[in-house]
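Each number in this note's numbering corresponds to the 1-based position in the sequence shown with 2 added.
Idealized CB from N, CA, C, for every residue including glycine.
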Amino acid sequence: MGSHANELRFDSGRICLDLVATGTDSVEQLDCGRRLAAWLTGAGLVPAATRLPALGADWLHAFTELRAYVAELIRAEVAGRPADRALDEVNACAAGAPPGLRA
């Protein structure tokens, strides 16, 4: 487990929970393309040696938005209430084709 607020964590056993752990009200770990690339490789979503030069503001926005919807789903499940919009948004994201990596 990370001992510092800025360390990326990969210890939850689920990639979606590791994504949620990248941000809180007071700490944003995915604050630049380099940090998002570190998270993507650390989570095992892309090979460690993969260059990811295109991770700009649009990618950061998409990942932080996805993270917010996943966090809402978790809060709703714990509270025993529906989270229809969050579920629809996560499903829409999952339905799309993954972006292709460029060499």
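Annotation for R69: L21, V22, T24, G25 place their beta carbon closer than 7 Å to its own, counting only its chain and skipping 5 residues before and after. A97 sits exposed, since fewer than 16 C-beta atoms from the chains shown fall within 10 Å of its C-beta.
Judged by DSSP in its simplified three-state form, G35 adopts helix.
Distance check between C18 and each of A59, T66, N8 places T66 closest, using alpha-carbon atoms only. Short of 7 Å from the beta carbon of G58, and not among the five residues preceding or following it, lie these beta carbons of its own chain, in chain order: G35.
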